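In the working numbering, the protein residues as written are 1 to 336.
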């Protein structure tokens, strides 16, 4: 993973083309949403916010973000990365800011890997830790969604047939994690690249497999990370429910179960880097998918707009940390 600026710090021609393509898709999707919905209907949903619920949503999302930073720090520690905890949180929050505000292909994960990798002189170790952190989080999210899918099936709660894809996604993610931590793959893949004459990629793969091997014997520890990740993902899913109440929407237990399946499906769709910060894609997918919960299209679009705004508001602190310098970092400070 690399930063997509050239050496002069400016966009390359490729970056500009990708940005313009994303902008075109974003505009097209926003136009599509507004062609099927009246903006006044969305405004009606936003007209009487319940600030207590919305502040609760912000607090719950903040707890999930601190939990995510803690999870990343634990994985880094297991990889032998000894950066101070405050520095890890700083980079994590800056990563959130990048994900929400930068339109180019410079994701928050890329920033974290490059910055922390330079500090610790362990770019590959930080890359592997961040990749593992991401995959564990996504797997925990899909496992939770499949659990609520089963709850819905047992209780005859209707869901779209596409929700069954969550089972396939979960299997793929678990298989990918198993492959990354596989001893045989770690020995075979670099050798294959050496035989093919790709010595540079082969050496990089040797470093990657060596860093991933640090996690292989820590089965109980990995199980604990997964359990903690379930908590983080539950908090993030709960943020959407609290936002719904903050907009004055009344949810039945059946609707909450449906949303606990549908919101992860929406989150997975936003992994596709086809729009600027998911704008347009989020609203169009929500309008087509979340209505299976019985809510109207203006309600689900407004709910996801505000849920995204909650994330944006929290991530502003990452911009402040980036602007005002490194939070608590200095050569004279001892590492945790």
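The beta carbon of each residue, even a glycine, is placed where N, CA and C say it ideally should be. Treat the numbers as computed from the prediction; the structure is a model and nothing was measured.
{"Item": "Nearest to residue 65 by alpha carbon, out of 325, 284, 237, 306?", "Value": "237"}
{"Item": "Can you look up residue 250 in the DSSP assignment and give me helix, strand or coil?", "Value": "coil"}
{"Item": "Near residue 201, what residues of its chain come up, given a Cβ to Cβ distance below 8 Å and the 5 sequence neighbours on each side ignored?", "Value": "193"}
{"Item": "If you measure between the beta carbons of residue 166 and residue 149, is that distance less than 9 Å?", "Value": "yes"}
{"Item": "Start and end of the alpha helix (DSSP H) containing residue 113?", "Value": "108 to 120"}
{"Item": "Just to confirm my understanding: we take residue 320, look at its own chain, exclude 5 residues before and 5 after, and list those with CB closer than 6 Å. What are they?", "Value": "none"}
{"Item": "Decide if residue 154 is buried, meaning its Cβ has at least 16 other Cβ atoms within 10 Å, or exposed.", "Value": "exposed"}
{"Item": "What's the gap between the Cα of residue 257 and the Cα of residue 69?", "Value": "27 Å"}
{"Item": "Applying the 10 Å Cβ sphere with the 16-neighbour rule, what's the burial state of residue 324?", "Value": "exposed"}
{"Item": "Hey, would you say residue 290 sits closer than 9 Å to residue 304, going by beta carbons?", "Value": "yes"}
{"Item": "According to DSSP, simplified to helix, strand and coil, what is residue 155?", "Value": "coil"}
{"Item": "Tell me which residue opens and which closes the alpha helix (DSSP H) that residue 85 is part of.", "Value": "85 to 101"}
{"Item": "Measure from the alpha carbon of residue 260 to the alpha carbon of each residue in 36, 146, 118, then state which is nearest.", "Value": "146"}
{"Item": "Is the region 208 to 225 touching the region 46 to 53, taking contact as three or more C-beta pairs under 8 Å?", "Value": "no"}
{"Item": "Distance check for residue 212 and residue 175, CA to CA, integer angstroms please.", "Value": "15 Å"}
{"Item": "Below 8 Å, how does it come out for the region 266 to 284 and the region 176 to 183: are there three or more Cβ pairs, yes or no?", "Value": "no"}
{"Item": "Quick check: what's the CA-CA separation for residue 284 versus residue 39?", "Value": "14 Å"}
{"Item": "Where are the alpha helix (DSSP H) runs, 4 residues long or more, that stay fully inside the region 171 to 209, in chain order?", "Value": "183 to 195"}
{"Item": "By DSSP, does residue 340 sit in helix, in strand, or in coil?", "Value": "This structure gives no information on residue 340, because the portion of the chain shown stretches from 1 to 336."}
{"Item": "Report the residue from 161, 80, 89, 107 whose alpha carbon sits nearest the alpha carbon of residue 124.", "Value": "80"}
{"Item": "Taking just the CA atoms, how far does residue 160 sit from residue 31?", "Value": "25 Å"}
{"Item": "Could you compute how far the alpha carbon of residue 168 sits from the alpha carbon of residue 262?", "Value": "15 Å"}
{"Item": "Would you identify the three-state DSSP class for residue 324, choosing helix, strand or coil?", "Value": "coil"}
{"Item": "Which residue from 129, 122, 116, 59 puts its Cα closest to that of residue 78?", "Value": "129"}
{"Item": "Straight-line CA distance for residue 27 to residue 280?", "Value": "7 Å"}
{"Item": "Distance, Cα to Cα, residue 101 vs residue 108?", "Value": "10 Å"}
{"Item": "One question on the structure: do residue 309 and residue 94 come within less than 9 Å of each other, judged by their Cβ atoms?", "Value": "no"}
{"Item": "If you compare alpha carbons, which of 34, 45, 33, 111 is closest to residue 245?", "Value": "45"}
{"Item": "With 16 other CB atoms within 10 Å as the buried threshold, where does residue 197 fall?", "Value": "exposed"}
{"Item": "Write down the C-beta distance between residue 186 and residue 209 rounded to the nearest angstrom, noting that I regard them as a contact closer than 8 Å.", "Value": "4 Å"}
{"Item": "Check each candidate in 143, 97, 142 and name the one with the smallest Cα separation from residue 313.", "Value": "97"}
{"Item": "Under a three-way DSSP split, which group does residue 292 fall into?", "Value": "helix"}
{"Item": "Beta carbon of residue 136, beta carbon of residue 73: below 9 Å?", "Value": "no"}
{"Item": "Cα separation between residue 13 and residue 116?", "Value": "28 Å"}
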